[in-house]
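Participant:
Protein chains in written order, with the working numbering: chain X, 1 to 73; chain P, 74 to 249.
#1: Quick check: residue 134(P) and residue 97(P), are their CB atoms within less than 9 Å of each other?
#2: I think residue 231(P) touches residue 202(P), with their Cβ atoms under 8 Å apart; what is that distance to the nearest whole Å?
#3: Just to confirm my understanding: we take residue 237(P), look at its own chain, exclude 5 residues before and 5 after, and list those with CB closer than 7 Å. What are they?
#4: Assign residue 76(P) to one of two classes, buried (16 or more other C-beta atoms within 10 Å of its C-beta) or exposed (fewer than that).
#5: Within 9 Å (strictly less), CB to CB, does residue 11(X) reach chain P?
#6: Cβ of residue 16(X) within 9 Å of Cβ of residue 188(P)?
#7: Taking residue 101(P) as the query, report the chain C residues whose CB atoms sit under 7 Å from its CB, ordered along the chain.
#8: For residue 46(X) and chain P, any beta-carbon pair shorter than 9 Å?
#9: Using a C-beta cutoff of 9 Å, does residue 75(X) count as contacting chain P?
#10: So residue 77(P) is in the alpha helix (DSSP H); what residue range does that whole segment cover?
#11: Determine contact between the region 105-117 of chain P and the region 57-68 of chain X, defined as no fewer than three beta-carbon pairs at a distance below 8 Å.
#12: Do you know whose CA, among 239(P), 161(P), 123(P), lies nearest residue 191(P)'s CA?
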């Protein structure tokens, strides 16, 4: 590295400091991660959408059957 | 550790928790060095482990979990930096600096803005390497591993970042 590059790096470091060593993670992130895992697991998958599409298609093709189901409920 | 990693690949949440607890601080620190904002670093740490868990089936238990999750973390942080607003980027770069540390207070305040702007103007791929190598003083070898690039590529990016910075600073009359 050239002398002028060293000077540029010195200038940079005087304006942009290293993240201090004391900046440690102060809290446990496991509960948040677990929550995120749970919430994403509840998101509908492709199987759910196929089931919905099949139900709608059945309702269009056999409206009487749907009415019968609704009536019996 | 290998047994733990094997259980993790099978989707064992307890094994994942053990690995999470062993690596969360290191992952957070890597992300913080890049994004320089504690709240964002926490969010990205959670995101990193969430992605790791979702990709557990693709992880080779013979490899190091730490190295694998660090690579995911660096990729998440890079994506974040690429999307980041320029003003926020400058603000985060200045976050841990002493108010005026460049030779003399008056001169320091005058130089601060243009230097931060010039650094933020670097393309993301050069900025990240420059930040880790020149500011955080990380070994080139470590940077090459987490970024998945060769040692030569790290050196080239540092060289190009320095050259580009010099050019930008020259435009505003700063010639170190």
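Built from N, CA and C at the ideal position, the CB exists for glycine as well.
Facilitator: In brief:
#1: For the purposes of this step, residue 134(P) is identified with residue 61 of the second chain, where counting begins at 1. For the purposes of this step, residue 97(P) is identified with residue 24 of the second chain, where counting begins at 1. Taking 9 Å as the Cβ cut-off, residue 134(P) and residue 97(P) do not qualify as a contacting pair.
#2: Your numbering for residue 231(P) matches position 158 in the second chain. Your numbering for residue 202(P) matches position 129 in the second chain. So it is a contact: roughly 6 Å between Cβ atoms.
#3: Walking along the second chain from the start, residue 237(P) turns up at place 164. Once the five neighbours on either side are set aside, the close Cβ partners of residue 237(P) are 195, 199.
#4: As a first step, residue 76(P) must be located in the second chain, where it is residue number 3. Classification of residue 76(P): exposed, given that the 10 Å Cβ count is below 16.
#5: Locating residue 11(X) in the first chain gives position 11, where the first residue counts as 1. Yes, contact with chain P.
#6: In the first chain, residue 16(X) corresponds to position 16, counting from 1. In the second chain, residue 188(P) corresponds to position 115, counting from 1. The answer is yes: Cβ separation under 9 Å.
#7: The structure shown contains no chain C; its protein chains are X and P.
#8: Along the first chain, read from residue 1 onward, the residue named residue 46(X) stands at position 46. Residue contact check for residue 46(X) against chain P: no CB pair falls below 9 Å.
#9: Chain X is shown from 1 up to 73; residue 75(X) falls before or after that span and cannot be answered.
#10: As a first step, residue 77(P) must be located in the second chain, where it is residue number 4. Looking at the DSSP string, the run of the alpha helix (DSSP H) that includes residue 77(P) is 75-82.
#11: As far as the Cβ criterion goes, the region 105-117 of chain P does not touch the region 57-68 of chain X, which means the pair count is below three.
#12: The residue labelled residue 191(P) in the question sits at position 118 within the second chain. Per the Cα distances, 239(P).
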